[in-house]
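Numbering (UniProt numbering), first residue to last: 1 to 89.
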């Protein structure tokens with residue numbers, strides 16, 4: 001079934017196919033940091049697109065939250081540190 005644009009013109013099949021594809025979110029992403037300095041929290045997007053609010057000590061994506069700073073999240077897994085940063089705009 002081909003979708004139709006609001007002006008009645010059919011949407012080309014290739015455009016329709018790409019417009020309805022599920023997003024492929026390949027990695028964990030930091031969406032934001034917030035809260036008081038003594039109780040910081042972070043909002044992360046998980047690999048499948050869900051979001052999770054985390055505190056220091058929480059587990060996310062198999063890693064433990066070690067620190068939360070302004071625009072930065074520090075995770076640790078088996079002694080390896082991974083730092084997520086907010087995108088610079």
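Glycine included, each C-beta is placed from N, C-alpha and C at the ideal position. Predicted model only: the values in this text are computed from it and were never measured.
Taking a contact to mean a Cβ-Cβ separation below 9 Å, would you say residue 61 touches residue 28 in this structure?
Position 61 of the chain shown, counting from 1, holds the residue named residue 61. Position 28 of the chain shown, counting from 1, holds the residue named residue 28. In this structure, residue 28 lies closer than 9 Å to residue 61 by Cβ.
Across the stretch 28 to 48 and the stretch 72 to 83, are there enough close Cβ pairs to call them in contact, namely three or more that are closer than 8 Å?
yes
Closest by CA to residue 78, which one among 42, 66, 47 and 46?
Locating residue 78 in the chain shown gives position 78, where the first residue counts as 1. Ranking the options by Cα distance to residue 78, first place goes to 66.
Out of 16, 48, 43 and 80, point me to the one whose CA is closest to residue 63's CA.
Position 63 of the chain shown, counted from the start, is the residue given in the question as residue 63. Comparing Cα-Cα distances from residue 63 to each of 16, 48, 43 and 80, the minimum goes to 80.
Spatial neighbours of residue 41 within its chain, please: CB distance less than 8 Å, with the 5 preceding and 5 following residues excluded, ordered by chain position.
Locating residue 41 in the chain shown gives position 41, counting from the first residue. The answer, listed in chain order, is 33, 34, 35, 53, 54, 55 and 68.
Which residue comes first and which comes last in the beta strand (DSSP E) that contains residue 11?
Numbered from 1 along the chain shown, position 11 holds the residue referred to as residue 11. Per DSSP, residue 11 belongs to no beta strand (DSSP E) and is neither H nor E.
Local Cβ density within 10 Å of residue 15, reported as buried at 16 or more and exposed below that:
Counted from its first residue, the chain shown places residue 15 at position 15. Answer is exposed; the Cβ neighbour count stays below 16.
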